[in-house]
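For what it's worth, numbering that gives the first Met the number 0 labels the leading residue of the sequence shown as 0, then goes sequentially.
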Amino acid sequence: MLATNLGKTGRFRVEDLKGPRELRPTHLKDLRRCLDPAAGAALPIRPRGGGSAVTDCNTTTHGTILHTTGLDRIGTVDPEAGTVTVQAGVQLAALVEHLAEQGLELAGGFETGGRTVGGAIAAPCFGPTIGDAAGFFSSTVAAMKVVTPDGRLLTIGPDQENLLGALRMSFGLLGVIYEATLRVRPARTFTVSHRRVDFEKFAALVDALSNGDVGIKFYLMPYRDRVYLDLRRYDRRAGSAHRVPWRIKDWGESTVLPHVFRSLNRVMPIRSVKYNLIDTISETTQSLVNSRFVANGSNATSQSGLYRRPDTRPGRRRVHRSTWCFPAANFSVVVRAFRDFCVAIYEDGGYRLDLPAVGHRLPRDRGAILSPARDEAMIALTVASTDARGWEDFVIDLAEFGERWGGIPLVSHSRALRAEYLIQTYAGRLDFFRRLRRQLDADNRLLSPFLAQFCQ
Numbered sequence: 000m001l002a003t004n005l006g007k008t009g010r011f012r013v014e015d016l017k018g019p020r021e022l023r024p025t026h027l028k029d030l031r032r033c034l035d036p037a038a039g040a041a042l043p044i045r046p047r048g049g050g051s052a053v054t055d056c057n058t059t060t061h062g063t064i065l066h067t068t069g070l071d072r073i074g075t076v077d078p079e080a081g082t083v084t085v086q087a088g089v090q091l092a093a094l095v096e097h098l099a100e101q102g103l104e105l106a107g108g109f110e111t112g113g114r115t116v117g118g119a120i121a122a123p124c125f126g127p128t129i130g131d132a133a134g135f136f137s138s139t140v141a142a143m144k145v146v147t148p149d150g151r152l153l154t155i156g157p158d159q160e161n162l163l164g165a166l167r168m169s170f171g172l173l174g175v176i177y178e179a180t181l182r183v184r185p186a187r188t189f190t191v192s193h194r195r196v197d198f199e200k201f202a203a204l205v206d207a208l209s210n211g212d213v214g215i216k217f218y219l220m221p222y223r224d225r226v227y228l229d230l231r232r233y234d235r236r237a238g239s240a241h242r243v244p245w246r247i248k249d250w251g252e253s254t255v256l257p258h259v260f261r262s263l264n265r266v267m268p269i270r271s272v273k274y275n276l277i278d279t280i281s282e283t284t285q286s287l288v289n290s291r292f293v294a295n296g297s298n299a300t301s302q303s304g305l306y307r308r309p310d311t312r313p314g315r316r317r318v319h320r321s322t323w324c325f326p327a328a329n330f331s332v333v334v335r336a337f338r339d340f341c342v343a344i345y346e347d348g349g350y351r352l353d354l355p356a357v358g359h360r361l362p363r364d365r366g367a368i369l370s371p372a373r374d375e376a377m378i379a380l381t382v383a384s385t386d387a388r389g390w391e392d393f394v395i396d397l398a399e400f401g402e403r404w405g406g407i408p409l410v411s412h413s414r415a416l417r418a419e420y421l422i423q424t425y426a427g428r429l430d431f432f433r434r435l436r437r438q439l440d441a442d443n444r445l446l447s448p449f450l451a452q453f454c455q
């Protein structure tokens with residue numbers, strides 16, 4: 000095994016000359032057999048759903064990768080109880096479609112793109128949630144069935160909230176999710192309003208918006224001092240929600256822009272010309288597609304995820320991403336600092352983002368022990384770019400920025416996070432989680448080298 004230093008502050012990755020074995024169970028008995036110590040699966044065993052993580056939390060360079068996408072059956076929908084029971088490998092987009100046919104929707108504005116139910120429970124899944132509804136998908140879980148690291152089936156009911164809280168956002172360290180019962184609700188329509196402001200105006204607005212009964216998604220263009228706001232409010236007069244505008248929006252943001260920008264990065268040698276063109280295309284897309292096409296919607300129409308499929312090829316991703324969460328209470332200060340941070344790095348001859356950074360307001364959510372918003376409302380900020388050259392150094396600088404401004408890293412979506420900082424940030428909650436993990440997985444069957452940095 001080779002430990003390879005990335006060059007700054009002790010952040011590392013572990014590489015192995017041998018690749019992992021891959022298993023794909025399709026039934027409960029198959030899943031239990033995979034985890035049975037007598038089966039002799041190479042350790043560690045890492046469960047994997049849609050592969051949306053940008054860190055190594057759902058993979059391993061040796062051992063076994065356990066794909067759950069074969070567990071893809073949707074079970075009972077109970078409109079009166081407001082629940083649906085599904086297996087862990089069900090694609091969220093497929094679940095959204097299934098619920099919509101019965102006039103139901105997920106109880107929160109989650110961005111589903113390519114994710115599975117199990118993956119969205121085991122790691123943070125969020126979006127522009129309106130008001131104080133569940134900020135994270137995991138908090139919609141009312142009950143679940145989990146196969147323990149030694150192959151036993153464990154059923155957790157709604158009266159076991161503490162255990163549910165530990166299994167939510169547990170990154171597959173306490174067991175492999177087999178089935179979950181989720182809370183759903185009748186579909187509701189919301190209106191969408193759009194605004195274009197500069198960073199100073201946005202900083203003046205964001206505190207009031209974060210405390211209001213509104214869903215917030217915004218796009219930051221620090222090199223042009225532009226912020227595009229997407230504000231969602233429930234309204235009985237909103238009218239019918241249509242899928243086509245959302246699919247055009249999804250297609251433009253997830254497919255067209257990354258493809259065009261990757262091409263420009265390959266063929267355009269003059270940086271000033273290239274980035275001026277890239278920013279102009281981004282602004283035009285925001286003005287034409289988002290602001291004019293999308294006027295109303297519902298969770299069913301906005302969560303299709305038709306074009307948001309994660310690129311799971313290590314080292315060959317079309318779009319590179321990293322997410323940090325910041326307290327909403329002082330985000331007006333953080334967003335100004337972020338603009339200055341991006342501009343300073345570029346002007347010093349360093350890396351430049353070619354896609355807008357995307358932010359979401361996350362209401363306080365105590366559903367999971369390791370919830371990043373357990374103590375207060377947060378703003379999740381995702382930086383993205385199609386240019387791989389210099390990306391790894393940039394995210395190390397971004398992690399230093401996040402620490403400086405009191406950010407909270409996400410184990411699955413924060414590149415270059417420092418183990419020491421994450422341990423300090425989650426403090427006593429992580430200590431409790433570690434103790435529980437040692438009870439359920441005393442032999443470290445699910446513990447990969449990457450996760451051992453935090454959870455050993």
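All residues carry an ideal CB built from backbone N, CA and C; glycine is no exception.
Is the beta carbon of residue j closer than 9 Å to that of residue i?
i, j, result
"ARG45", "GLY62", "yes"
"SER209", "ALA367", "no"
"HIS412", "THR322", "yes"
"ALA99", "SER169", "no"
"LEU181", "VAL83", "yes"
"VAL342", "TYR222", "yes"
"THR116", "ALA179", "Sequence check: residue 116 is Val here, not Thr. Taking 9 Å as the Cβ cut-off, VAL116 and ALA179 qualify as a contacting pair."
"ALA383", "VAL357", "yes"
"PRO268", "CYS324", "no"
"THR60", "ALA52", "no"
"ASP534", "SER331", "No information on residue 534 is available, as it lies outside the stretch 0 to 455 that the chain covers here."
"LEU103", "ALA165", "no"
"ASN298", "THR385", "no"
"LEU429", "PHE337", "no"
"ARG363", "GLY134", "yes"
"ILE407", "THR424", "yes"
"GLY108", "ALA132", "yes"
Suppose you measure from the CA of residue i to the CA of residue j; what does that come to, to the nearest Å?
i, j, result
"ALA294", "PRO127", "15 Å"
"ARG434", "THR283", "52 Å"
"GLN455", "GLN438", "12 Å"
"SER301", "ALA398", "30 Å"
"GLY348", "ILE277", "18 Å"
"LEU361", "ILE73", "28 Å"
"ILE129", "MET377", "14 Å"
"CYS33", "ASN161", "27 Å"
"GLY50", "HIS66", "9 Å"
"CYS56", "ALA38", "23 Å"
"PHE432", "PHE189", "38 Å"
"GLU346", "VAL175", "46 Å"
"LEU30", "PRO36", "12 Å"
"THR279", "SER192", "22 Å"
"ILE344", "HIS97", "46 Å"
"GLY9", "MET143", "Confidence at GLY9 is low in this model, with a pLDDT of 40, below 50, so the placement of that residue is unreliable and no value is reported for it."
"ALA237", "ILE247", "Only weak support exists for where ALA237 lies, its pLDDT of 49 falling under 50; the value from the coordinates is given anyway. Going by the C-alpha atoms only, they are around 20 Å apart."
"LEU305", "ASP71", "Here the model assigns LEU305 a pLDDT of 48, short of 50, so the residue's position is not dependable and the matter cannot be decided."
"GLN285", "ASP224", "14 Å"
"LEU369", "LEU421", "11 Å"
Given that a residue counts as buried once 16 or more other Cβ atoms are within 10 Å of its Cβ, and exposed if not, what is residue i?
i, result
"SER253", "buried"
"HIS258", "exposed"
"PRO313", "At PRO313 the pLDDT is 49, less than 50, meaning the model places this residue with poor confidence and gives no usable figure here."
"GLU21", "exposed"
"THR75", "exposed"
"ASP440", "buried"
"SER281", "buried"
"PRO244", "buried"
"GLU110", "buried"
"HIS26", "exposed"
"LEU287", "exposed"
"GLN101", "exposed"
"VAL394", "buried"
"ALA266", "In the sequence on display, residue 266 carries Val and not Ala. Answer is exposed; the Cβ neighbour count stays below 16."
"ARG114", "buried"
I believe residue i touches residue j by the beta-carbon criterion, under 8 Å. Please report the beta-carbon distance rounded to the nearest angstrom.
i, j, result
"LEU172", "ARG436", "5 Å"
"GLU91", "ALA119", "In the sequence as presented, Glu is not what sits at residue 91; that position holds Leu. Between ALA119 and LEU91 the Cβ distance is about 6 Å, and since that is below 8 Å, they are a contact."
"TYR167", "ALA106", "Before going further, note that residue 167 is Arg rather than Tyr in the sequence given. ARG167 to ALA106, Cβ: 15 Å. No contact."
"GLN452", "ALA418", "4 Å"
"HIS319", "ALA379", "No, HIS319 and ALA379 are not in contact; Cβ-Cβ is about 17 Å, not under 8 Å."
"ASP197", "VAL226", "7 Å"
"ASP229", "PHE217", "7 Å"
"ALA93", "GLY48", "Not confirmed; about 13 Å, so no contact."
"GLY465", "ARG23", "The structure shown has nothing for residue 465, since the chain only spans 0 to 455."
"HIS359", "PHE125", "6 Å"
9 Å is my cut-off, CB to CB: does residue i come that close to chain C?
i, result
"GLY88", "Among the chains in the structure shown there is no chain C, since it carries only a single protein chain."
I'd like to know if the stretch 341 to 354 and the stretch 262 to 278 are in contact, where contact means that at least 3 CB-CB pairs between them fall below 8 Å.
Verdict: yes, contact present.
Taking one C-beta from the stretch 440 to 453 and one from the stretch 29 to 47 each time, how about it: are there three or more such pairs within less than 8 Å?
The stretch 440 to 453 vs the stretch 29 to 47: in contact.
Stretch-stretch touch, CB-based, cutoff 8 Å, three pairs: the stretch 393 to 407 with the stretch 185 to 203
No, the stretch 393 to 407 does not touch the stretch 185 to 203.
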